[in-house]
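Undergrad:
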Amino acid sequence: MYAQSLSWLLLAPFLLSLAAFAMRWAGKRSIWLAELIHLVSITAVLLLSMHVVQGVLAQGSISALNDWLHVDALAAVFVTIVGVVGFLVGVYALGYIRHDLSSGVLQPQQVTLFYGLLNLFLFTMLLVVVSNNIIMMWVAVEATTLGSAFLVGIYGQRASLEAAWKYVIICTVGVAFGLYGTILVYSDAVHFMKEPGMAILWTQIVENAQALDPTILKLAFVFVMIGFGTKAGIFPMHAWLPDAHSEAPSPVSALLSGVLLKCALFVVIRFAIILSRGIGAEFPHLILLIFGALSVTVSTLFMFVQRDLKRLLAYSSVENIGLIVLALGVGGPLGVLAGLMHAVNHSLVKSLMFLTSGNILMKYHTRDLGKIHGMLQAAPLTSLLLLAGGLALAGSPPFNIFISKFSIFSAGMQSGHIWLMLVCLAFLAVAFAALLRVISSSLFGQAPDEMAAGEVQPLTLAPIAVLLVLAITLGLYLPPQIALLLNQAAGIALPPGSVASAPGALLNWLVLP
Amino acid sequence: MLNANLINSLSGLLILSSLLVIETRKLRISAIYYSVQSLVLVVIFLALAVSMHAEQLYLWAASAFITKAILVPYIIYRAQQYTGGEDVPTAIKPTLSIVLAAVSLVVSFVVINQLELKIAAGFKPALAVSVAHFFFGQLCILTQRNLLKQVMGFCLMENGSHLTLALMAYDAPELVEIGIATDAIFGVLIMAVLAVQIYRKLNTLDAASLTTLKG
Chain A
727 MYAQSLSWLL
737 LAPFLLSLAA
747 FAMRWAGKRS
757 IWLAELIHLV
767 SITAVLLLSM
777 HVVQGVLAQG
787 SISALNDWLH
797 VDALAAVFVT
807 IVGVVGFLVG
817 VYALGYIRHD
827 LSSGVLQPQQ
837 VTLFYGLLNL
847 FLFTMLLVVV
857 SNNIIMMWVA
867 VEATTLGSAF
877 LVGIYGQRAS
887 LEAAWKYVII
897 CTVGVAFGLY
907 GTILVYSDAV
917 HFMKEPGMAI
927 LWTQIVENAQ
937 ALDPTILKLA
947 FVFVMIGFGT
957 KAGIFPMHAW
967 LPDAHSEAPS
977 PVSALLSGVL
987 LKCALFVVIR
997 FAIILSRGIG
1007 AEFPHLILLI
1017 FGALSVTVST
1027 LFMFVQRDLK
1037 RLLAYSSVEN
1047 IGLIVLALGV
1057 GGPLGVLAGL
1067 MHAVNHSLVK
1077 SLMFLTSGNI
1087 LMKYHTRDLG
1097 KIHGMLQAAP
1107 LTSLLLLAGG
1117 LALAGSPPFN
1127 IFISKFSIFS
1137 AGMQSGHIWL
1147 MLVCLAFLAV
1157 AFAALLRVIS
1167 SSLFGQAPDE
1177 MAAGEVQPLT
1187 LAPIAVLLVL
1197 AITLGLYLPP
1207 QIALLLNQAA
1217 GIALPPGSVA
1227 SAPGALLNWL
1237 VLP
Chain B
306 MLNANLINSL
316 SGLLILSSLL
326 VIETRKLRIS
336 AIYYSVQSLV
346 LVVIFLALAV
356 SMHAEQLYLW
366 AASAFITKAI
376 LVPYIIYRAQ
386 QYTGGEDVPT
396 AIKPTLSIVL
406 AAVSLVVSFV
416 VINQLELKIA
426 AGFKPALAVS
436 VAHFFFGQLC
446 ILTQRNLLKQ
456 VMGFCLMENG
466 SHLTLALMAY
476 DAPELVEIGI
486 ATDAIFGVLI
496 MAVLAVQIYR
506 KLNTLDAASL
516 TTLKG
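Line by line, the protein sequences are chains A and B.
Mapping the first sequence onto my numbering, position 427 (from 1) lands on 1153, and the numbers just tick up by one.
Mapping the second sequence onto my numbering, position 56 (from 1) lands on 361, and the numbers just tick up by one.
1. Between S1083 of chain A and chain B, is the shortest Cβ-Cβ distance under 9 Å, so that the two count as touching?
2. By the criterion of Cβ-Cβ separation under 8 Å, what are the contact partners of E868 of chain A in chain B?
3. Quick one: which residues of the stretch 1022-1050 of chain A get their C-beta closer than 7 Å to a C-beta of chain B? List them in chain order.
4. Check whether chain B comes within 9 Å of A799 of chain A, counting only Cβ atoms and requiring the distance to be less than that.
5. So with Cβ pairs under 9 Å, would you call V916 of chain A a contact of chain B?
6. Helix, strand or coil for T395 of chain B? Go by DSSP, reduced to three states.
7. Quick one, are the C-beta atoms of L494 of chain B and E482 of chain B less than 9 Å apart?
8. Return the bridge partner residues of E449 of chain B from the DSSP annotation.
9. Does the beta carbon of Y818 of chain A sit closer than 9 Å to a beta carbon anywhere in chain B?
10. Report the residues of the stretch 1078-1112 of chain A with a CB closer than 7 Å to any CB of chain B, ordered along the chain.
11. Any chance you could list the alpha helix (DSSP H) runs of at least 4 consecutive residues sitting entirely within the stretch 420-498 of chain B, in chain order?
12. Could you tell me whether the Cβ of R824 of chain A comes closer than 9 Å to any Cβ of chain D?
13. Span of the alpha helix (DSSP H) holding H1068 of chain A?
14. Check each candidate in B:A431, B:S343, B:N418 and name the one with the smallest Cα separation from F370 of chain B.
15. Could you give the residue range of the alpha helix (DSSP H) that holds V797 of chain A?
16. Can you find at least 3 beta carbon pairs, one from the stretch 1162-1180 of chain A and one from the stretch 1124-1139 of chain A, that sit closer than 8 Å?
17. Between R1163 of chain A and chain B, is any beta-carbon pair separated by less than 9 Å?
18. Looking at the secondary structure, which residues open and close the beta strand (DSSP E) in which A790 of chain A lies?
19. Roughly how many whole angstroms lie between the Cα atoms of V1164 of chain A and I768 of chain A?
20. Helix or strand or just coil, what does DSSP make of N845 of chain A?
21. Since D266 of chain B meets chain A, which of its residues come closer than 7 Å, beta carbon to beta carbon?
22. Would M862 of chain A pass as an interface residue toward chain B - the criterion being a Cβ-Cβ separation below 9 Å?
23. So what does DSSP say about D511 of chain B, is it helix, strand or coil?
24. Run through the stretch 818-890 of chain A for me and flag every whole alpha helix (DSSP H) of 4 or more residues, listed as ranges in chain order.
25. Distance, Cα to Cα, L1250 of chain A vs E328 of chain B?
26. For the stretch 1059-1071 of chain A, which residues have a beta carbon sitting closer than 9 Å to at least one beta carbon of chain B?
27. Please report the straight-line C-alpha distance between S409 of chain B and A437 of chain B, rounded to a whole angstrom.
28. By Cβ distance, which residues of its chain are closer than 6 Å to G1188 of chain A, with the 5 residues on each side in sequence left out?
29. Is the Cβ of S466 of chain B closer than 9 Å to any Cβ of chain A?
30. Helix, strand or coil for D914 of chain A per DSSP?
31. Taking only three categories from DSSP, how would you classify D1094 of chain A?
32. 9 Å is my cut-off, CB to CB: does W891 of chain A come that close to chain B?
33. Give a yes or no on contact between the stretch 1074-1082 of chain A and the stretch 1142-1154 of chain A, applying the rule of three or more CB pairs nearer than 8 Å.
34. So K957 of chain A packs on A990 of chain A, CB below 8 Å; how close in whole Å?
35. Check distances from the C-beta atoms of the stretch 878-905 of chain A to those of chain B and list, in chain order, the residues that come in under 8 Å.
36. Please confirm whether T956 of chain A has its beta-carbon closer than 9 Å to some beta-carbon of chain B.
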């Protein structure tokens, strides 16, 4: 039953995206029909993903299609991210795209294209996280780029086309390195497996990781880190990210930052697990620590000098991906758990912030922070969302990011990386300052004279509010199912045996209000 | 062994043809060279299929023939018709780019020779060529300012990684090959459409004019 849900989780958005493309020829009702198909698709993705996660909680893992699809607790965490954030962003897109259409930024034909591509994009991201076949996983990551390239460039302006071009070129070149990493692991594994078909499955490779050649594994991991790290927005391969995230329509920015980066990171985690089982965790940890610390430090400086709201948010994504990578590099039960929690928390808060930036864009018609003032009078509800989201992103209590950031630094201190953690904390203060400045300069001051008070598209407020409720809830209380899922996920990422003693202690620490 | 020699020497032809693809100024001619190169790749796939008794590679050869020898050159040809065959200068001199290509070839040979591979051991020269070819593609993307030429660079990269796959992962299930071929052809299509859109907006294919976004 669960296996069927897993297959449908992929089939539904794929088939419905084709249907949305076809609405181009549906005449007068085409937009209305495309919206309906989109709504059915994102609802199906939400419900099916929840059912799959429920199945993982009930029976440990779910496989389908000859083990080519496999969802364990680790994948389930990312399926949850795609399902929940995908749904809320999808609902938001309905209001946002209607506004774009009525203001003439988009043509009716582009709207059907948009919904087709958006659901195709969701399908490719889901395929990344449920693939057990490592080469198919690569194919899916490459497909995410292809599926989202036109979404980035959909406005057809000089800047958006330029961003789309850079996105496609940098990501396809980068991700091609990932293919070499994948081939190296496969071709080494194919030797001692009974059938070649088994050497391609992550579950089989992990079980036999100790038979893999250590040199090849290390080389492969470097390729994987460069390849999928490009897609995950890790410094210094992040060059496409600020352009694509700022030029894309805001719901697409929310998906790129909130969901796509995590999916690419998921592949890195899968390979890091193979290495830690095969040759021990020292090598992957070292690589992850270096890239994580570099991403955090450099991106916060870029955040501080940005004058464009969405570019600032984009660099903040590099920072937060860096924090997750840093946590995984620290390792140990607390480090891995904190990293996974931060992945979930950042997805919620960053999509919240990008959607809010969309509302600001609808009201002010600019992303220039020098021109966005007086939001408290001009758009009171949106300004409250910006205030809460900005504080959450900066890592202040009572929001969820506070908990995961705190856990990351506790884990780092406990494992003896005291200086590294202190340096990173200092840079986080820079990010904090950058975000506070955004909040204070946007909320206060004088709104443009001709601007009437009120929200542009009330429909777009609800999904952001839901994201905010989720961010506060997870900041105050970790529901037992989520705690259990994260705990099992950390168990998969850690060497066997090390988690046995950990769950109780960690759960106590995390569930405490 | 004769077959291994054949495969290794055919892969040498790939190097020659990709230099022609990179250095030819006229896109139309460049696309024809690419088509020829893809035919060489198809022959290599067929030879590998015979020598390794790998039935799957016949399918690879067939799909490479359709997508790489016919469809990709056709897409490039149509895209250059839309854009009027503009002559865009390159970022570096051809002599320098040939030197860089030679360097990447030598590095690939040295690295591959040091790896202890259990698979494709008799095809190390071909393997080194495939890796070098992958870097040629990147070189093309970095040194060519014509957007459509950068698309050809992506195609060269794909040919390189495809040969690596055929040498090291020839026994992977067919569906994997179908997935990779689909990605490759859609990749070219999407890049070509974007290049045409950029040409219509900016009236040039020169990557040096993409300078709106910085910082």
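Positions of the beta carbon are idealized from the N, C-alpha and C atoms, including for glycine.
In this text, all values refer to a predicted model and were calculated from it rather than measured experimentally.
TA: Taking the coordinates as given:
1. No, its Cβ sits nowhere closer than 9 Å to a Cβ of chain B.
2. Going along chain B in sequence order, the residues near E868 of chain A (Cβ under 8 Å) are D488, G492.
3. Answer in chain order: no residues at all.
4. Answer no: the Cβ-Cβ gap between A799 of chain A and chain B never drops below 9 Å.
5. V916 of chain A counts as touching chain B.
6. The three-state reading of DSSP puts T395 of chain B in strand, counting E and B together.
7. No.
8. Reading off the sequence, residue 449 of chain B comes out as Gln, not Glu. Paired residue(s): B:T395.
9. So no, Y818 of chain A is outside the interface.
10. Of all residues in the stretch 1078-1112 of chain A, none has a Cβ within less than 7 Å of some Cβ in chain B.
11. With a minimum length of 4 residues, the continuous alpha helix (DSSP H) runs that stay inside the stretch 420-498 of chain B are 429-448, 452-473.
12. Given the protein chain composition of this structure (A and B), no chain D is represented.
13. Taken as a continuous stretch (DSSP letters only), the alpha helix (DSSP H) holding H1068 of chain A covers 1058-1090.
14. Check the Cα spacing between F370 of chain B and each of B:A431, B:S343, B:N418: the tightest is with B:S343.
15. No alpha helix (DSSP H) holds V797 of chain A; the beta strand (DSSP E) holding it covers 795-797.
16. Touching, no, given that fewer than three Cβ pairs across the two stretches are closer than 8 Å.
17. False, the Cβ-Cβ gap to chain B never drops below 9 Å.
18. Bounds of the beta strand (DSSP E) holding A790 of chain A are 788-790.
19. Between the alpha carbons of V1164 of chain A and I768 of chain A lies a gap of roughly 32 Å.
20. DSSP places N845 of chain A in helix when its eight states are reduced to three.
21. Outside the shown range of chain B, which is 306 to 520, sits residue 266 of chain B, and nothing can be said about it.
22. It does; some Cβ of chain B falls within 9 Å.
23. Looking at D511 of chain B - three-state DSSP - the assignment turns out to be strand.
24. For secondary structure counted as the alpha helix (DSSP H) over 4 or more consecutive residues, the stretch 818-890 of chain A holds these complete runs in sequence order: 834-856, 860-878.
25. This structure cannot settle anything about residue 1250 of chain A, because the visible part of chain A is limited to 727 through 1239.
26. Within the stretch 1059-1071 of chain A, contact with chain B at the beta-carbon level (separation under 9 Å) is assigned to no residue.
27. One C-alpha to the other measures close to 6 Å.
28. Checking the sequence shown, residue 1188 of chain A turns out to be Ala, not Gly. There are no such residues.
29. It does: the Cβ of S466 of chain B has a partner Cβ on chain A nearer than 9 Å.
30. Correct three-state label for D914 of chain A: helix.
31. It is a strand residue.
32. At least one chain B Cβ lies under 9 Å of W891 of chain A.
33. Not touching, per the Cβ criterion.
34. About 4 Å separates the two Cβ atoms, so the contact holds.
35. So the list reads G879, G882, Q883, R884, A885, L887, E888, A889, A890, W891, K892, V894, I895, T898, V899, A902, L905, given in the order they occur along the chain.
36. So no, T956 of chain A is outside the interface.
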